[in-house]
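What follows is a set of notes on a single structure, which appears directly below.
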Amino acid sequence: MKPSQGRSPALLLDRDGVVNDDHGYVATPERFDFCNGIFALIHRAIDCGYRIVIITNQSGIARGYYSEPEFHQLMGWMEREFAQQGIQLSGIFHCPYLPGAVAPEYDRDSFWRKPNPGMILEAARRLDLDLAHSIFVGDQPSDMAAASAAGIARRVLIRPVPVHATGTGEADLVIGRLADLTARLPWSSP
Ligand SMILES: [Mg+2]
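So for the sequence shown, my numbering puts the first residue at 8; every next one is plus one.
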């Protein structure tokens, strides 16, 4: 599937808990551990014609745990790590906003903050993505809600441990490991 033939499907990935282990407000390479199976999943997705996009809430910026430049610095490092694996990302979209933020410039409700679909819709607009045939992978019900609101039918929730009180939200597939999704690609049935 070539971009010139129209909109591209994408594999849209939440970051913390999907790309890297969620140690809580990860802001440095020292604390950034790639999740098992993420490189294989992305390679498989690219082979199947998907572009790769990261969609991440970053309330750590609003909470004052790290700055937006520090976030971009870490993402530059991450992209270089991906490049060493032969992987090129099509985009990284982040939301630094949070009502009640320490820093006034980030203190607001945002259509970009998941469970709202703003980041996904903006990614689709900028990158000309075919959301109806895209896949979203997250580890929180809010990821599934954002994907659903954006019109993504293939919503995958990663739950390494049995689902508990928070539930699965609007997921249509719940898996324990990224490899369980890799084995499913190409995902032909809606
Ligand atoms: Mg997450």
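We put the beta carbon where it would ideally sit given N, CA and C, even for glycine.
Residue i - partner residues in DSSP beta bridges
i	result
HIS101	THR63
GLY145	LEU164
ARG58	ALA17
LEU128	Paired residues: none, contrary to the question.
LEU136	SER15
Supposed contact pair residue j and residue i - C-beta distance, whole angstroms, cut 8 Å
i	j	result
ILE45	VAL26	6 Å
SER155	ARG162	6 Å
ARG191	PRO167	Contact flag wrong, Cβ pair sits at about 17 Å.
ILE53	ILE59	7 Å
Three-state secondary structure (DSSP) of residue i
i	result
PHE46	helix
ARG87	helix
LEU188	helix
ILE182	strand
LEU96	coil
ARG51	helix
TYR113	helix
GLU177	coil
ILE159	coil
PRO122	coil
ALA108	coil
Residue i beta carbon near ligand 3 (any heavy atom closer than 7 Å)
i	result
ASP21	The ligand content of the structure shown is limited to ligand 1, which means ligand 3 is not among them.
Count the C-beta pairs between the stretch 65-72 and the stretch 103-116 that are closer than 8 Å, then say yes if the count reaches three, no if not. yes
Complete beta strand (DSSP E) runs within the stretch 9-44 (minimum length 3 residues, chain order): 17-20
Decide if the stretch 88-98 is in contact with the stretch 107-120; the criterion is three or more beta carbon pairs, one per stretch, under 8 Å apart. no
contact_flag[the stretch 71-91, the stretch 123-135] where n(CB pairs < 8 Å) is 3 or more: no
Would you check if there are 3 or more beta carbon pairs closer than 8 Å linking the stretch 11-20 to the stretch 132-148? Verdict: yes, contact present.
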